[in-house]
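Heads up: the protein sequence lines correspond to chains A and B, in order. Each residue of the first sequence is one higher than the one before, starting from 1 at the first, in this note's numbering. Each residue of the second sequence is one higher than the one before, starting from 115 at the first, in this note's numbering. No residue lacks a Cβ here, since even glycine has one placed at the ideal position from N, Cα and C. In this text the structure is predicted, and so the values were computed from the model without any measurement. In what follows, a single structure is set out as structure tokens and then discussed.
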Amino acid sequence: NAGVTQTPKFRILKIGQSMTLQCTQDMNHNYMYWYRQDPGMGLKLIYYSVGAGITDKGEVPNGYNVSRSTTEDFPLRLELAAPSQTSVYFCASSQLGQGGNTIYFGEGSWLTVV
Amino acid sequence: AQSVAQPEDQVNVAEGNPLTVKCTYSVSGNPYLFWYVQYPNRGLQFLLKYITGDNLVKGSYGFEAEFNKSQTSFHLKKPSALVSDSALYFCAVRVSRRSQGNLIFGKGTKLSVKP
Numbered sequence: 001n002a003g004v005t006q007t008p009k010f011r012i013l014k015i016g017q018s019m020t021l022q023c024t025q026d027m028n029h030n031y032m033y034w035y036r037q038d039p040g041m042g043l044k045l046i047y048y049s050v051g052a053g054i055t056d057k058g059e060v061p062n063g064y065n066v067s068r069s070t071t072e073d074f075p076l077r078l079e080l081a082a083p084s085q086t087s088v089y090f091c092a093s094s095q096l097g098q099g100g101n102t103i104y105f106g107e108g109s110w111l112t113v114v
Numbered sequence: 115a116q117s118v119a120q121p122e123d124q125v126n127v128a129e130g131n132p133l134t135v136k137c138t139y140s141v142s143g144n145p146y147l148f149w150y151v152q153y154p155n156r157g158l159q160f161l162l163k164y165i166t167g168d169n170l171v172k173g174s175y176g177f178e179a180e181f182n183k184s185q186t187s188f189h190l191k192k193p194s195a196l197v198s199d200s201a202l203y204f205c206a207v208r209v210s211r212r213s214q215g216n217l218i219f220g221k222g223t224k225l226s227v228k229p
């Protein structure tokens, strides 16, 4: 009963490096999301996808890229890491996007940029 | 613009006492409201949601929430707090019309339950 799985759990990056946060879900959900969580700020939406091949920007997309080649996978790419990207990243999914459909979250990825 | 407010950064409760974590919202349409809980170094876990119907919604771990349309509130409650309830609680809202599907989150309230 895996749900939403993200890797890595922890990562330290140097300024200017790039990396990809992996996310996969086994619930056959159409919608997938990437959020970042900063202390005292709640969660902010980075990117989302309504299905394979379709992605769109959320509230804070700058410095990130995503792709959705399959229903299951939704990787988040950080290009040229900056200290402002130090945060906790959560991948999530839901069956549909609207109404009362519940969003299910992964365990989180703690990223530090130094 | 949609928004969610959690007016308390922290709530302190003695074990066995009732607890309330407050949430107010501002949306232009009919809201769908959610509560999530986050334990240290873990992801968010779904607690309960309000879609329509009864204003009192029951969820996981003995929690419940009351939807009050006139006060635009969705406060989380539990009759008797446990030390294990200590965590970070997030209120979230989504409007009823078809949207991109994401939730708008409050900043979170840290609940501390002391023995």
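Minimum Cβ-Cβ distance from residue i to chain A less than 7 angstroms
i, result
"B/K181", "First, the residue type needs correcting, since residue 181 of chain B is Phe and not Lys in the sequence shown. So no, B/F181 is outside the interface."
"B/L158", "yes"
"B/L217", "yes"
"B/K221", "yes"
Proximity test, Cβ basis, 7 angstroms: residue i and chain B
i, result
"A/E107", "yes"
"A/N62", "no"
"A/T71", "no"
"A/G40", "yes"
"A/L43", "yes"
"A/I12", "no"
"A/I46", "no"
"A/I54", "no"
"A/T102", "yes"
Residue interval of the beta strand (DSSP E) (run including residue i)
i, result
"B/L133", "L133 to V135"
"B/H189", "S187 to K192"
"B/F148", "P145 to Q152"
"B/E180", "E178 to N182"
"A/D56", "I54 to K57"
"B/K163", "L158 to Y164"
"A/L43", "L43 to G51"
"A/L78", "L76 to L78"
"A/K9", "No beta strand (DSSP E) holds A/K9; DSSP gives it neither H nor E."
"B/A128", "Q124 to A128"
"A/Q37", "Y31 to Q37"
"B/L196", "Counting along the chain, B/L196 falls outside any beta strand (DSSP E), and DSSP gives it neither H nor E."
"A/A92", "S87 to S94"
Contacts around residue i, its chain only, beta-carbon distance under 6 angstroms, and the 5 residues preceding and following it disregarded
i, result
"A/G51", "N30"
"A/Q6", "C23, C91, G106 and S109"
"B/V197", "E129, V227 and P229"
"B/K192", "L133, G176 and F177"
"B/V151", "Q159, L161, A201 and Y203"
"A/V66", "Y47, T55 and L76"
"A/E59", "K44 and L45"
"A/Y35", "L43, L45 and F90"
"B/Y153", "A201"
Neighbour-count burial assignment, residue i, 16 or more Cβ in a 10 Å radius
i, result
"A/T112", "exposed"
"B/A115", "exposed"
"A/I12", "exposed"
"A/S93", "buried"
"B/L170", "exposed"
"B/D199", "buried"
"A/S87", "buried"
"A/G16", "exposed"
"B/Q185", "exposed"
"B/F167", "The amino acid occupying residue 167 of chain B in the given sequence is Gly; Phe does not appear at that position. Exposed, because fewer than 16 other Cβ atoms sit within 10 Å of the Cβ of B/G167."
"B/V127", "buried"
Other residues of its chain near residue i: CB distance less than 8 angstroms, five sequence neighbours each side excluded
i, result
"A/P61", "I46 and Y47"
"A/G3", "Q25, D26, M27, Y104 and G106"
"A/L96", "N30 and Y31"
"A/K14", "A81, V113 and V114"
"A/S18", "R77, L78, E79, L80 and A81"
Own chain partners of residue i with C-beta closer than 7 angstroms, once the 5 adjacent residues on each side are dropped
i, result
"B/F219", "V118, F204 and A206"
"A/G53", "R68"
"A/P8", "S109"
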